[in-house]
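Novice:
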Amino acid sequence: MAVSETFTRLRTSAWLGWQVESNWADPVVFFIYLIARPLAVSLTLAAMYAATRDTATQGAAFAGFYVANAFHAYVNTMVVGMGWVIFEEREESEMLKYVYVSPMGLVTYIGGRSFVRFVLGSISAALMLVVGWFLLGVRWDFSLTQPLPLAITLVAGLAATLAAGYLICGIAMVLTRSAVTVLEGCMLGLYLLCGVIFPVDLMPVWIRPLSYVLPFTWWYECLRRFLLGHGSSAWMNTLTDAQLLGAMLAVCVGFSLVAAFGYRELDRLARRLGRLDQTTMF
Amino acid sequence: MSRTLAADAMLFVRAARARAYVRIVGSFREPNGLIADAVFPNLGMCAFVLMYRALGAPAYYEALAVIGGILTTYWMNVLWGMGAQFYWEKQSGQLQLYFAAPCSRMAILAGMAAGGLLASMLRSLVGVALAVFVFHVQLEPFSPWHLAAVFFATMAALYTLGMIMASLFLLYGREAWHTCNAFMEPAFFLSGLYFPIRTLGAFGAVAAAILPLTLGVDALRQVLLGARSPGLMPVRWEFAALCGFAVLYFFVARWSLRYLENLSKREGRLTQRWQ
Numbered sequence: 005m006a007v008s009e010t011f012t013r014l015r016t017s018a019w020l021g022w023q024v025e026s027n028w029a030d031p032v033v034f035f036i037y038l039i040a041r042p043l044a045v046s047l048t049l050a051a052m053y054a055a056t057r058d059t060a061t062q063g064a065a066f067a068g069f070y071v072a073n074a075f076h077a078y079v080n081t082m083v084v085g086m087g088w089v090i091f092e093e094r095e096e097s098e099m100l101k102y103v104y105v106s107p108m109g110l111v112t113y114i115g116g117r118s119f120v121r122f123v124l125g126s127i128s129a130a131l132m133l134v135v136g137w138f139l140l141g142v143r144w145d146f147s148l149t150q151p152l153p154l155a156i157t158l159v160a161g162l163a164a165t166l167a168a169g170y171l172i173c174g175i176a177m178v179l180t181r182s183a184v185t186v187l188e189g190c191m192l193g194l195y196l197l198c199g200v201i202f203p204v205d206l207m208p209v210w211i212r213p214l215s216y217v218l219p220f221t222w223w224y225e226c227l228r229r230f231l232l233g234h235g236s237s238a239w240m241n242t243l244t245d246a247q248l249l250g251a252m253l254a255v256c257v258g259f260s261l262v263a264a265f266g267y268r269e270l271d272r273l274a275r276r277l278g279r280l281d282q283t284t285m286f
Numbered sequence: 002m003s004r005t006l007a008a009d010a011m012l013f014v015r016a017a018r019a020r021a022y023v024r025i026v027g028s029f030r031e032p033n034g035l036i037a038d039a040v041f042p043n044l045g046m047c048a049f050v051l052m053y054r055a056l057g058a059p060a061y062y063e064a065l066a067v068i069g070g071i072l073t074t075y076w077m078n079v080l081w082g083m084g085a086q087f088y089w090e091k092q093s094g095q096l097q098l099y100f101a102a103p104c105s106r107m108a109i110l111a112g113m114a115a116g117g118l119l120a121s122m123l124r125s126l127v128g129v130a131l132a133v134f135v136f137h138v139q140l141e142p143f144s145p146w147h148l149a150a151v152f153f154a155t156m157a158a159l160y161t162l163g164m165i166m167a168s169l170f171l172l173y174g175r176e177a178w179h180t181c182n183a184f185m186e187p188a189f190f191l192s193g194l195y196f197p198i199r200t201l202g203a204f205g206a207v208a209a210a211i212l213p214l215t216l217g218v219d220a221l222r223q224v225l226l227g228a229r230s231p232g233l234m235p236v237r238w239e240f241a242a243l244c245g246f247a248v249l250y251f252f253v254a255r256w257s258l259r260y261l262e263n264l265s266k267r268e269g270r271l272t273q274r275w276q
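As given, the protein sequences belong to chains V and F, one line each in that order.
The numbering of the first sequence is the numbering used here, which starts it at 5 and goes up by one.
The numbering of the second sequence is the numbering used here, which starts it at 2 and goes up by one.
(1) If we call anything under 8 Å between Cβ atoms a contact, is residue 274 of chain V one with residue 207 of chain V?
(2) Between which two residues does the alpha helix (DSSP H) carrying residue 66 of chain V extend?
(3) Given a cut-off of 8 Å, decide if residue 44 of chain F and residue 70 of chain V are closer than it, judged by their beta-carbon atoms.
(4) Quick test of your reading: residue 70 of chain F and residue 128 of chain F, contact by CB under 8 Å. State the CB separation rounded to the nearest angstrom.
(5) So which residues on chain F does residue 35 of chain V lean against when the C-beta distance must stay under 8 Å?
(6) Is the beta carbon of residue 4 of chain V sitting closer than 8 Å to the one on residue 189 of chain V?
(7) Starting from residue 181 of chain F and walking both ways along the alpha helix (DSSP H), at which residues does that stretch end?
(8) Take residue 154 of chain V and list the residues in its own chain whose beta-carbon comes closer than 7 Å to its own, dropping the five residues that flank it on each side.
(9) Using alpha carbons as the reference points, say which of F:50, F:41, F:257 and F:80 lies closest to residue 183 of chain F.
(10) Show which residues of chain F have a CB atom less than 9 Å away from the CB atom of residue 45 of chain V.
(11) Got a sec, what are the start and stop residues for the alpha helix (DSSP H) residue 191 of chain V sits in?
(12) Taking Cβ-Cβ distances shorter than 9 Å, what residues in chain F pair up with residue 52 of chain V?
(13) Could you pull the start and end residues of the alpha helix (DSSP H) that residue 255 of chain F belongs to?
(14) By the 10 Å Cβ neighbour count, where 16 or more other Cβ atoms means buried, how is residue 219 of chain F classified, buried or exposed?
(15) Give me the residue from V:268, V:148 and V:123 with the minimum Cα distance to residue 22 of chain V.
(16) Is there a Cβ from chain F that is less than 8 Å from the Cβ of residue 22 of chain V?
(17) For residue 202 of chain V, go through chain F and note every residue whose CB falls closer than 8 Å to its CB, in chain order.
(18) Can you list, in chain order, the stretches of the alpha helix (DSSP H) that have 4 or more residues and sit fully within the region 70-128 of chain F?
(19) Straight-line CA distance for residue 111 of chain F to residue 261 of chain V?
(20) Chain V partners of residue 175 of chain F, CB-CB under 8 Å?
(21) Can a CB atom of chain F be found closer than 8 Å to the CB of residue 224 of chain V?
(22) Which chain V residues sit within Cβ distance under 7 Å of residue 45 of chain F?
(23) Indicate the three-state DSSP secondary structure (helix, strand or coil) for residue 211 of chain V in the structure shown.
(24) State the DSSP-derived secondary structure class of residue 43 of chain F, mapped to helix, strand or coil.
(25) Between which two residues does the alpha helix (DSSP H) harbouring residue 170 of chain V extend?
(26) Thinking residue 105 of chain F and residue 196 of chain F are a contact (beta carbons under 8 Å), I'd like their distance in whole angstroms, please.
(27) Mind listing which residues of the region 50-82 of chain V have their C-beta closer than 8 Å to chain F's C-betas, in chain order?
(28) Does the Cβ-Cβ distance between residue 176 of chain F and residue 29 of chain V come in under 8 Å?
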């Protein structure tokens with residue numbers, strides 16, 4: 005009964021999320037809007053590669069960067085998008101406090117809204133991979149793909165993405181006006197820190213520990229290794245497949261626990277500071 | 002007659018100055034926000050520079066991406082600080098105050114542009130510092146006058162384009178908001194912010210004919226990187242085209258503001274929130 009009720013609530017909030025995301029435009033315009041950004045990022049990366057093709061010495065690494073960039077769509081869409089849900093509900097529609105006290109509760113509501121974000125992220129990632137494969141020539145040898153570790157990697161990475169989304173929601177709840185800047189900063193910061201389009205070995209030594217505690221750094225490296233057959237980081241390449249997968253799982257689980265604890269504490273702090281209905285007339 | 006003209010001009014300047022003051026003070030009011038605004042836009046640039054490094058590309062490409070990255074600060078300010086500003090004002094219920102004020106809307110937008118430009122210039126210094134101290138970008142000897150001329154022509158074209166975008170928000174709500182959102186990465190691509198625009202071939206020339214950012218980036222690279230950065234056109238032509246864009250966009254913005262203001266008043270959408 006409880007499971008059925010939770011599922012119904014998740015479905016309702018997902019439906020509401022879909023209406024909020026898409027009801028400002030007709031389906032054709034919305035589809036163009038949906039594909040414009042990921043397509044442009046793919047084309048930018050491809051143009052950068054094309055510009056350096058004759059002079060670059062490590063051009064073979066490009067496919068790994070491109071694939072990781074495609075999967076980074078989940079982080080952009082889900083993690084940052086979930087934070088935006090809090091911001092929009094509080095500042096624009098001023099409904100956050102009502103959602104909070106409703107029988108559905110905020111956690112379930114955010115979960116439902118995140119499902120829509122997951123679908124949008126999947127469309128972006130799939131589009132980038134398809135465009136890469138058919139139009140830009142970003143291909144790989146499927147005989148090097150390891151299906152089982154890849155499946156485990158996908159599930160663990162998406163779970164960590166969801167956990168990070170809740171953590172960002174907690175941060176957005178506590179912050180008011182500056183939440184917009186922090187959300188955008190998270191998007192760009194994760195793009196840099198997780199080595200989406202370059203190996204983390206190129207980061208300054210003092211930043212690398214921060215990269216290694218983020219699950220997405222390991223996620224992208226595992227995706228490269230188990231989908232393409234090779235990673236990009238020299239240090240991570242010294243690990244065996246099992247070690248890399250194990251490390252990724254450990255970091256994802258650890259991060260998810262920290263995120264769950266963080267969300268609970270930030271939620272408490274937001275209530276104590278009276279932030280649930282605090283608008284800033286942005 | 003001339004007295005009225007002088008009074009109008011004075012009112013324009015005073016209104017623009019007042020709006021610029023609010024923009025500058027607002028930008029520097031929150032130290033955390035200021036640091037974030039200065040640092041975050043440059044993180045994307047760092048990622049692109051490191052990608053060139055990972056691919057083993059010559060250092061010239063890193064310099065090229067740094068210059069493009071610094072200009073993203075301005076483009077983002079044009080999109081969100083100019084284009085979307087009327088959306089924020091509409092949401093907070095303040096837009097009607099602009100229309101009740103006795104000054105011209107263009108004066109308000111000009112003030113917003115001037116204030117935004119100044120705030121963005123300070124923020125872009127972080128990008129310059131990264132270029133010099135972290136990425137050790139090598140520039141060719143250049144004339145500061147040429148740099149200033151090309152830079153301000155680019156900014157004039159960009160911010161007048163921002164005025165046109167702002168006028169759209171008089172009539173539209175979320176449609177225009179999402180359009181701004183969707184313009185981010187496509188504009189980065191079409192203007193070749195992180196790669197030489199010549200890579201796009203004829204398509205790049207078409208982009209340059211639409212987006213002043215494309216010409217601005219190309220011209221600035223030619224000035225700063227010299228012969229290492231062969232451009233789409235000679236710098237003089239690009240400078241002239243940017244000036245032409247600025248004048249054209251200014252008049253289009255003026256017409257667009259009048260037309261859309263009347264239309265949105267007729268349709269009752271000027272003060273409509275949550276549309």
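Ideal Cβ positions, reconstructed from N, Cα and C, are used throughout, including at glycine.
Specialist: Reading it off the structure:
(1) no
(2) 66-78
(3) no
(4) 6 Å
(5) Chain F residues near residue 35 of chain V: none, gap ~12 Å exceeds 8 Å.
(6) The question about residue 4 of chain V has no answer, for chain V in this structure spans 5 to 286.
(7) 175-191
(8) 230 and 231
(9) F:80
(10) 186, 189 and 190
(11) 183-197
(12) 49, 52, 53, 56, 58, 62, 66, 195, 196 and 200
(13) 236-267
(14) buried
(15) V:123
(16) no
(17) 48, 51, 52, 54 and 55
(18) 86-92 and 96-101
(19) 50 Å
(20) 28
(21) no
(22) 192 and 195
(23) coil
(24) helix
(25) 151-178
(26) That pair is no contact at about 40 Å.
(27) 51, 52, 53, 54, 55, 56, 59, 60, 61, 62, 63, 65, 66 and 69
(28) yes
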